[in-house]
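One line per chain: the protein sequences are A and B, in this order. For our numbering, add 7 to where a residue sits in the first sequence, where the first one is 1. Just so it is clear: in the second sequence, position 34 is 28 by our numbering, and no numbers are missing.
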Amino acid sequence: MNGVPISYYLALSGILFGLGVVAFVFKRNIITILMSIELMLNAVNLAFVAFSRALGQFDGLIFVLFVIVVAAAEAVVGLAIVLQVARNRRSLNIEDVDQMKS
Amino acid sequence: MTLPVLLFFIFAGVAVGGALALILAREPIHSALALVLVMVSLAVIYLLLGAAFIAAVQIIVYAGAIMVLFVFVIMLLNAGEEQRTQRSRMARWIGVPLAVFLTADLAWWVARGVKVVPAAAAVSATEAFSTRDFSLYLFRAYLFPFEITSILILIALLGAVVLARRDS
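This is the structure we're talking about:
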C-alpha cells in the first residue's frame, strides 16, 4: 500500500518465528519459554495481517483477533501451571521438571 | 527511500533486536521487557499495514495485559538469573549455526509465500482497513466463533483459578 513489499513483512514474520523457536529450544527458564511461545504467535499474527493486506480481505485480521484471545487464555493457564510447578519444585529450571521422563 | 519504508526498517530492526535480546538476556524480567519492545514495534508495523484496530488491540491486550501478567508472575516467583548448563559444547558449535540457518530458511520460504497471492488482488488493496467494515464483518460472518470464544475465556479463567489455588 505504501511502497513496502508484502514479502518484506513476511520475511520479518519468518525471522521472528525462527527466533521464537530458537528461544523456545535454548532457554532454560519456564517463564521465558512461555514468552517465546508468545513471540511465535506474534510472528504468525504478522503473517496473517500481511496476507490480509495483500488479498484485501478482513479474514486474516479476524484470525489475528482470535489468535490474540487464545494467546491470552493460554498465557493465563500456562502461568497458573508455572506457579504450581514453582511451588512444588522450588525451581523454575525446565530441567528440574522431569517426572514424566522414564 | 520513502517514509513508510524507512519506518518499516527501523521497527523491523527494533523487533528483531528485541527478539535477540529475549534470547540473550539472563534475567527473565529482561526477557519480558524485550518482548514488550517486540510487541510495540509490531504494533507500529500493523499501522504501516493499515490495520489500526489490530495495532490498538496488540498494544492493549498483548503489551498491556498479557505482558503485565508475565511480569507479575516473574515478580511473584522472584525469578532470578537463569541457570546455565556448562556440559555441552556441541550446542555452541552446531546448535547456533543450525538456529541461524533455521531462521534464515524460514524467512526465505515464508517471504516467497506472497507468490500465492493473485496479482489482481495485490494491486487492488491500496487503502487502509476500515474498522467499521471490519467489525461488521466480524459480527456477521464470524458471530458464532466469536461467541464460542467467550466460553473459551470462561474455561481458561476457571482453569487458572483451580490450578493456582494453594490447597488443591
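Using N, Cα and C, we set each Cβ at its ideal position, and we do this for glycine too. Since the structure is predicted, the reported quantities are computational estimates derived from the model, not experimental observations.
Among the options, which one has its Cα closest to the Cα of residue i?
i	options	result
B/Ala98	A/Gly10, A/Leu23, A/Val11	A/Leu23
B/Met61	A/Gly10, A/Leu90, A/Met42	A/Met42
B/Val30	B/Ser129, B/Ala85, B/Gly11, B/Phe47	B/Gly11
A/Val104	A/Ile44, A/Ile37, A/Val76	A/Ile37
B/Pro139	A/Ala18, A/Val76, A/Ile13	A/Val76
B/Ser146	A/Glu81, A/Ile88, A/Ile101, A/Arg96	The amino acid occupying residue 146 of chain B in the given sequence is Leu; Ser does not appear at that position. With distances taken between Cα atoms, B/Leu146 lies closest to A/Glu81.
B/Phe123	A/Ile44, A/Met107, A/Leu99, A/Asp66	A/Asp66
A/Gln64	B/Leu148, B/Tyr131, B/Ile149	B/Tyr131
B/Ala73	B/Arg159, B/Pro22, B/Leu63, B/Ser35	B/Pro22
A/Phe31	A/Ile44, A/Gly21, A/Leu17	A/Ile44
A/Gly27	A/Ala50, A/Gln106, A/Leu68, A/Ala79	A/Ala50
A/Asn95	B/Phe2, B/Phe3, B/Arg159, B/Ile4	B/Arg159
B/Val155	A/Gln91, A/Gly10, A/Gln106	A/Gln91
From what residue to what residue does the alpha helix (DSSP H) around residue i run?
i	result
A/Ile88	66 to 96
B/Met33	22 to 42
B/Phe47	46 to 51
A/Asn52	37 to 62
B/Trp87	No alpha helix (DSSP H) holds B/Trp87; DSSP gives it neither H nor E.
B/Phe3	-3 to 18
B/Ile149	137 to 158
B/Val65	61 to 71
Per the DSSP calculation, residue i is bridged to which residue(s)?
i	result
A/Asn100	A/Asn36
Would you call the region 19 to 27 of chain B and the region 45 to 60 of chain B touching, i.e. three or more CB-CB distances under 8 Å?
no
Take every Cβ of the region 54 to 69 of chain A, pair it with every Cβ of the region 89 to 96 of chain B, and state whether three or more of those distances are shorter than 8 Å.
no
Is the region 85 to 101 of chain A touching the region -5 to 5 of chain B, taking contact as three or more C-beta pairs under 8 Å?
no
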